[in-house]
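These notes concern the structure reproduced below.
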Amino acid sequence: MNLISRTPPRAIEQFEPALHAAGLSEDISIEISTKSPGTLESQYRQWLNAGRGSPDVLTMDVGWSIPFIRRGQLLNLNEHLSEEEIQTLENDYNQESVDSSRGRNGNIFGVPLIMDVRGTWYRRDLAEQAGYDPEGENWATEPRSWQEFSQIVADVQEQHGLDYGFTLPFELSQTITCCTFNAIMSQWGGAYFGGREHLFGPIGDRPITIDGEQVQQALRMLRTFMWGHDDEHSIGDDAFAGNIAPSDALGWRYTKDLDAFLNGNTFAYTVGNPAFAQLASSEDNFGGNATEKLGLMPKPYGIEESESQYDGIGGTMSPLAGYNLSVNPNSNKRDAALEVLRAAMTDEFLTEWFNLSGNLPPKPELLQSDAIQSHDLFGQYMDTFSVMADNAIPRPVTPIYFQESKVISQEVHNVVSQSKAPQAGVDDAKKELQSIEESYGQ
Numbered sequence: 147m148n149l150i151s152r153t154p155p156r157a158i159e160q161f162e163p164a165l166h167a168a169g170l171s172e173d174i175s176i177e178i179s180t181k182s183p184g185t186l187e188s189q190y191r192q193w194l195n196a197g198r199g200s201p202d203v204l205t206m207d208v209g210w211s212i213p214f215i216r217r218g219q220l221l222n223l224n225e226h227l228s229e230e231e232i233q234t235l236e237n238d239y240n241q242e243s244v245d246s247s248r249g250r251n252g253n254i255f256g257v258p259l260i261m262d263v264r265g266t267w268y269r270r271d272l273a274e275q276a277g278y279d280p281e282g283e284n285w286a287t288e289p290r291s292w293q294e295f296s297q298i299v300a301d302v303q304e305q306h307g308l309d310y311g312f313t314l315p316f317e318l319s320q321t322i323t324c325c326t327f328n329a330i331m332s333q334w335g336g337a338y339f340g341g342r343e344h345l346f347g348p349i350g351d352r353p354i355t356i357d358g359e360q361v362q363q364a365l366r367m368l369r370t371f372m373w374g375h376d377d378e379h380s381i382g383d384d385a386f387a388g389n390i391a392p393s394d395a396l397g398w399r400y401t402k403d404l405d406a407f408l409n410g411n412t413f414a415y416t417v418g419n420p421a422f423a424q425l426a427s428s429e430d431n432f433g434g435n436a437t438e439k440l441g442l443m444p445k446p447y448g449i450e451e452s453e454s455q456y457d458g459i460g461g462t463m464s465p466l467a468g469y470n471l472s473v474n475p476n477s478n479k480r481d482a483a484l485e486v487l488r489a490a491m492t493d494e495f496l497t498e499w500f501n502l503s504g505n506l507p508p509k510p511e512l513l514q515s516d517a518i519q520s521h522d523l524f525g526q527y528m529d530t531f532s533v534m535a536d537n538a539i540p541r542p543v544t545p546i547y548f549q550e551s552k553v554i555s556q557e558v559h560n561v562v563s564q565s566k567a568p569q570a571g572v573d574d575a576k577k578e579l580q581s582i583e584e585s586y587g588q
């Protein structure tokens, strides 16, 4: 099987022992190779199109599992796991993670391994020195509005003379569509394709709503954060602080924005997962003081969920990322591969994998377990991650997702970089998406 290359080496080494400790038969051994996230999808396509029988177990990104399912290239687990095991997936797992490996008829083709939901890291020490009381005001579990958050950021930035208020990855890439803008748009109650019910299709028969007013409000807010209120297409409301995010972020992915936070040059960092805390705690960054200096809060919201026209959208929202384990239908070791999945479903394995890798278990109840809440580094942040797990939004994955993502990321980037006005950008995006949907309509 393959694991992504950014998995900590110690975690990779202990992956098989952790499965054996969770009940995997001792006569089943696992050969692991590592691949970068950017190459894994194309490598799988090549192998599966050729009918190759290995790897037996496939580590599938939640963002591109569905096209493989539509092509009949993953094993239908409803036909190979017991009814009790399927019910465990349906009832105990984060449903957005399960749905990312679900076929049109409702069958499941993957077992979630990693649930990647995200909050906002911030310098708790700097906030307290600036006169705020994160603990007393329940920053860890009660989301702030974008107005309030922006004012806090601007105030702390000014008091401490920081280069930036907060950073975010906004490089022209699929990252915009799947994650950065997907979350911010959803926090405003907006949607690419008319809400959750249309996320996974049907292609050609779903509303295209990227031109909606709430989507444009999200874009105006981002322009305000990067360019200030002098921007002619800023949000036009002084309750939102301006000039708190660097326009340089238009060329940043997941490294430059992180560096600015680790270097102490910014107050908040919008991509918050446990693996990051592990990095932040290294001697080169916050040393042994990470848990004292770093706080985590749910992502801010533009409008309350009750104000949104779409069910389950609005309020604090996290983009869903992560990986599921699927079985290669061409494998000649199918029974052993299924045993790996069964072991990976146990609480014992998921807890140990969290301890080894810093990746969140995809069973929300485990986030509140003593074994995870007591973790020296991560434990204090689990209440925030529980909030975000309850408010995750997947990307709109269909067989044409990557084509549509290019359109969305390009036009959103055009607007935020001041190359187009918000209305013009979303109108152009809608036209291009309509053309794609009509060409591939089913």
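Note that our numbering has the sequence shown beginning at 147, numbered continuously upward.
Heads up, the beta-carbon is just placed ideally off N, CA and C, and yes, glycines get one too.
The model shown is predicted, which means the values in this text are computed figures rather than measured ones.
Short CB-CB distance (under 9 Å) between residue i and chain D
i	result
V553	The structure shown contains no chain D; it holds only a single protein chain.
Close beta carbons around residue i, own chain, < 7 Å, minus the five adjacent residues each side
i	result
K439	R269, R270, D271, F432
H166	E172
N224	I232, N253, I254
L579	I354, I356, E550, V553
W285	G441, M443
F413	Y268, R269, L272, V299, V302, Q303, L308, G311, F312
S393	M372, W373
Residue i versus residue j: straight-line alpha-carbon distance, rounded
i	j	result
E159	F295	41 Å
T180	A570	43 Å
P568	R290	25 Å
W661	N476	The chain is shown from 147 up to 588; residue 661 falls before or after that span and cannot be answered.
P545	E304	46 Å
R366	R541	22 Å
P154	S503	6 Å
H226	M491	15 Å
Q564	G265	27 Å
L345	S452	20 Å
T416	D376	24 Å
E557	D384	26 Å
L170	V486	6 Å
R156	E584	48 Å
G347	V257	22 Å
D529	L204	31 Å
E229	Y239	15 Å
K566	N560	6 Å
A517	N501	9 Å
G311	W373	13 Å
D493	A337	34 Å
Beta-carbon contacts of residue i that lie in its chain and below 8 Å, excluding the five residues immediately before and after
i	result
T321	P315, R399, Y400, S555
A436	A423, A426, S427, L523
G448	S291, W292, I330, Q333, W334, G335, Q360, Q363, A364, M367, G460
S211	L220, S246, S247, F255, G256, N470, S472, V543
G340	R352, P353, I354, T355, Y456
DSSP-derived helix/strand/coil call for residue i
i	result
G383	One detail in the question is off: residue 383 reads as Asp in this sequence, not Gly. DSSP places D383 in coil when its eight states are reduced to three.
Y415	strand
N389	coil
T205	strand
A157	helix
S228	coil
S452	helix
G350	coil
F186	Reading the sequence as shown, one finds Leu at residue 186 and not Phe. Residue state, collapsed to three classes: helix.
K566	coil
T321	helix
F531	helix
T180	strand
G458	coil
G311	strand
L368	helix
M443	strand
I539	strand
A337	coil
D574	helix
M615	The structure shown does not extend to residue 615, since the chain is modelled only from 147 to 588, so the question has no answer here.
A196	coil
I356	coil
Own chain partners of residue i with C-beta closer than 6 Å, once the 5 adjacent residues on each side are dropped
i	result
S551	Q320, T323
D351	none
L408	N431
D536	none
D574	E557
Check: residue i C-beta below 8 Å from any heavy atom of the ligand ATP
i	result
Q526	No copy of the ligand ATP appears in this structure; indeed no ligand is present at all.
At least 3 beta-carbon pairs within less than 8 Å: the region 209-216 vs the region 233-244: no
Length at least 3, wholly inside the region 246-301: the beta strand (DSSP E) runs in chain order: 257-262, 265-269
Touching by the beta-carbon criterion (3+ pairs, under 8 Å), the region 378-392 and the region 354-361: no
Runs of beta strand (DSSP E) wholly within the region 461-516 (minimum 3 residues, chain order): 467-473
The region 281-289 touching the region 507-521, judged by at least three CB pairs closer than 8 Å: no
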